[in-house]
Amino acid sequence: GEEVEGEHDVFDASTPEVLVFSFGAVVFWNFASAETEREWMETYVLGIKEACDDRISEEAIDNANDELGFCYGDTHKIYRDVVYLHTKEPGEKLAVSFALAKSALLSTFEWRLEQAIERNAHIPETLARTGRINMSRHEISREIGRIFLVKHGINLENSILDTPEEFWEDDRFQEHYNKSMTYFDITNRLSLVNNRLQVLQDLHQVLIDSAQNKHGEILELIIIALILMEVMVEIFRFYRDMMD
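Mapping to the numbering used here: the sequence shown position 155 is 138, numbers consecutive.
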């Protein structure tokens, strides 16, 4: 966030601050530009393999990137993408940063979910038209894996709605965190993502059934081929015995 001029500002000359979250989000305060933020990321995060071993695509990052202004006012609030801080205590910025970071995390899953929906949009239409899915077992397995990773990431690996442990012992700014979560509409967005995931899960089951059916068809063909071979061998033996 960049400091902006507000109606009840108390100008702050604080140095730039960075909050790095374990689930992969970074929140910058008082940085002069996006370029300086990028330079910091390249130096302290992206260049360290141990800190960034599972990178997501640039498109997902761009989709998750958000920018808000901030200033100091009489009461804490977020209005029209401006954060009004009531104190200069680190805990208040932390509360807002947690919500902003979780919003960014959710945005990456929303992007991945949108990609999955676009990749699979043809499947229901193809099923309705031909009654078959023109995908190999390898392609079906990969798509099932992608769908599972999105679902696992949202609901198991990252508990977006959980209250951060930092507010368990010091809950002075928990209400600020709750208000920030409400501003970013986390609960409703997460509910929508899970509803769309359910649709993909149904599609997931269709893909599994299709893979099993294809496997069954292959087994049937193998069995038929074996029976034909056995019949041909018996016929050969019959004619051989007749000739003898």
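By construction, the Cβ of each residue, glycine as well, lies at the ideal position given by its N, Cα and C atoms.
In the DSSP assignment, Ile127 falls within the alpha helix (DSSP H) that extends over 120 to 135. Ranked by Cα distance from Phe92, the first of Lys76, Leu51, Arg112, Ile143 is Ile143.
Put simply, of Glu75, Glu203, Leu173 the residue whose alpha carbon is nearest the alpha carbon of Asp153 is Glu75. Taken atom to atom, the span from the alpha-carbon of Ala8 to that of Ile123 is near 31 Å. Phe11 places its beta carbon 7 Å or farther from that of Ala82. Between Asn46 and Ser90, the C-beta spacing is below 7 Å. Residue environment: Ala78 is assigned as buried (16 or more neighbouring CB atoms within 10 Å of its CB, all protein chains considered). For the pair Glu0 and Pro73, the Cα-to-Cα distance works out to about 10 Å. If you draw a straight line from the Cα of Asn178 to the Cα of Gln188, it comes to about 16 Å.
Here Val3 has Val9 as same chain residues with Cβ atoms under 6 Å from its own Cβ, once five neighbours each way along the sequence are excluded. In the structure shown, the three-state DSSP call for Leu51 is coil.
Rounded to whole angstroms, the gap between the alpha carbons of Lys162 and Lys60 is 8 Å. Between Ile31 and Glu41, the alpha-carbon positions lie close to 17 Å from each other. Listed in chain order, the beta strand (DSSP E) elements of length 3 or more contained wholly in the segment 52 to 85 are 52 to 55, 60 to 62, 65 to 68.
In the DSSP assignment, Glu0 forms a beta bridge with Trp12. Distance from the CA atom of Leu51 to the CA atom of Arg63, rounded to whole angstroms, is 9 Å. Per DSSP, the unbroken alpha helix (DSSP H) holding Leu110 starts and ends at 105 to 113.
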